[in-house]
Structure formats: structure tokens, C-alpha cells
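Residues in the sequence shown are numbered consecutively from 73, following this note's numbering.
To start, the structure under review is shown below, and the notes come after it.
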Amino acid sequence: MLQENIETVRKRLNKAAAKRGIPVEEITLVAVTKTIPAVRIQSARELGIKDFGENRLQEALPKINSLSPEIDWHFLGHLQTNKVKDVLPYFKLIHSLDRMKLAHAIQKEALKIDKVVDVLVQVNIGSEETKYGFEPELVEEALKELVSLDMIKIRGLMAIAPLLEDPEELRPHFRRLNRMFQSLNIPGTEMKYLSMGMTNDFEVAVEEGSNMVRIGTGLFGERVK
Ligand SMILES: *Cc1c(COP(=O)(O)O)cnc(C)c1O
73 MLQENIETVR KRLNKAAAKR GIPVEEITLV AVTKTIPAVR IQSARELGIK
123 DFGENRLQEA LPKINSLSPE IDWHFLGHLQ TNKVKDVLPY FKLIHSLDRM
173 KLAHAIQKEA LKIDKVVDVL VQVNIGSEET KYGFEPELVE EALKELVSLD
223 MIKIRGLMAI APLLEDPEEL RPHFRRLNRM FQSLNIPGTE MKYLSMGMTN
273 DFEVAVEEGS NMVRIGTGLF GERVK
């Protein structure tokens with residue numbers, strides 16, 4: 073089933089990339105493995121997936137430690153400042169830089185281990201009270217402040233779209249975020265990744281400029297809570 077799911081997702085990605093007019097290789101597929109046991113992650117790895125994402129550190133660490141160090145791990149969840157020091161050594165990219173206080177905590181811990189940390193700035197595109205991230209109109213200002221933190225490398229933007237029945241309704245949100253992504257040219261940043269799109273909406277996201285999709289249920293099936 074996993075193999076079939078991966079093939080289906082890849083086909084859908086191919087189609088969306090073609091529609092956008094870009095090679096599918098330009099899109100990073102991050103398999104989201106919250107609630108998924110390590111053995112299934114290993115199977116996905118053997119089926120050619122290289123990037124995996126988790127959103128809770130306590131859940132991620134035992135899996136990371138039991139799996140091959142060749143895996144590139146992405147941190148996707150809201151990160152508490154007291155967990156930063158445990159996250160930094162294990163993750164290639166933190167997608168969820170959602171507040172300035174977190175940036176300062178990352179800077180401080182990164183200095184201690186002398187590691188420059190790649191991050192994406194999370195943008196609250198749905199502008200819902202319950203969602204984390206910088207409000208869109210504050211992102212530019214935030215980036216200008218963030219570049220002064222020399223152990224943090226800004227590699228792009230990330231958004232979690234509101235969950236809507238019809239992903240077409242998200243198109244304007246994705247389009248707006250891509251426009252922002254394209255237009256932000258802050259010296260000291262290296263904007264390469266636009267992380268948007270999940271199982272329900274990744275085709276629309278790719279058509280609107282995403283080059284990093286985060287897919288859980290589409291690959292592993294419904295999560296058991
Ligand atoms: C769970 C999760 C995903 C994947 O969601 P699916 O709908 O299962 O594809 C993507 N991004 C984040 C931040 C998540 O927490």
C-alpha cells in the first residue's frame with residue numbers, strides 16, 4: 073500500500089509540476105511521519121523518499137535515533153524555546169520559525185554548538201487566531217531583523233493553509249505567499265524554499281509556486297490518534 077501511495081503522490085506531483093511548467097525534481101517531497109512508526113519510515117526510505125518531517129520532538133527523537141543517519145529530518149511543529157537545544161543537532165531544516173523569541177533561542181543554542189541553522193519563516197496565511205506564524209504584513213520587517221542573527225540562515229517561507237473542503241479556495245492564499253516569496257530580497261537571506269501544500273492541497277500549492285510539499289496521510293494513510 074505504501075508503494076502505491078508513493079506512486080500516486082508522485083504522479084500527482086508530476087502533473088502539478090507540469091502544469092506549473094517546472095521539472096518535478098525542483099520540488100522536495102517531505103514525508104510527514106507523525107504517529108508513523110520507524111519501521112514504516114524505513115520502508116518509505118527504501119522506496120526512495122529521503123526527506124521526512126516530524127512536528128513533535130519527543131516523538132521524533134527515538135525514531136531518528138533508530139533510523140539511518142542518511143535521512144534528512146525536517147522540523148515542522150511549533151517549537152518551544154526550551155526544546156531548541158535538543159532539536160538543533162538532528163534536523164536539517166526547521167520550517168516553523170514563527171516568532172522572534174524562538175529565533176533568539178535558536179541563535180543562542182546554535183552558537184554553543186557552532187552550527188548554522190537553516191530555517192523557514194512561518195507565515196500565518198489564513199490569519200487565524202489559533203495558527204502560529206508571522207502575519208504576512210510583518211514578514212519583511214521580521215526578515216530584516218532576523219538577518220542580524222548570524223547563526224540563523226533564512227532559507228524561505230512556510231505556511232500551513234487553513235483546512236478547507238475545497239483546496240481551490242486556498243489558491244489566492246498560496247498565490248499571495250508566492251508573490252511575497254518572490255519579491256522578498258533581503259540581503260543576508262538565501263530564499264530557496266517555499267514550503268506549502270499538504271495532502272489535501274499540494275497540487276494547488278505547487279501550481280502556485282510551492283517547491284516543498286509536506287505530505288502525511290497521502291503517503292501513510294489516515295493517522296490513528
Ligand atoms: C501533519 C502535518 C502535515 C501533513 O499533513 P497531511 O494532511 O497528513 O498531509 C504537513 N505539515 C505539517 C506542519 C503537519 O503538522
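No residue lacks a Cβ here, since even glycine has one placed at the ideal position from N, Cα and C.
Everything numeric in this text was worked out from a predicted model, so none of it was measured.
Presumed contact (8 Å Cβ cut-off) between residue i and residue j, rounded CB distance
| i | j | result |
| --- | --- | --- |
| L85 | V278 | 7 Å |
Residue i in three-state terms, based on DSSP
| i | result |
| --- | --- |
| Q194 | strand |
| S168 | strand |
| G228 | strand |
| V219 | coil |
| V296 | coil |
| V188 | coil |
| K106 | coil |
| I121 | coil |
| Q114 | helix |
| G260 | coil |
| M252 | helix |
| S140 | coil |
| A277 | helix |
| A242 | This sequence places Leu at residue 242; Ala is not what is there. Note: L242 maps to helix in three-state DSSP. |
Residue i CB to nearest heavy atom of ligand 1 below 6 Å
| i | result |
| --- | --- |
| G205 | no |
| N13 | Past the edges of the chain, shown from 73 to 297, lies residue 13, and the structure says nothing about it. |
| V104 | yes |
| T107 | no |
| M270 | yes |
| L183 | no |
Per DSSP, cross-strand counterpart(s) of residue i
| i | result |
| --- | --- |
| M268 | Paired residues: none, contrary to the question. |
| E126 | F147 |
| L101 | V285 |
| F206 | V195 |
Distance cut-off 6 Å: residue i Cβ against heavy atoms of ligand 2
| i | result |
| --- | --- |
| G288 | Inclusion of ligand 2 in the displayed structure is not the case, the ligand content consisting of ligand 1 alone. |
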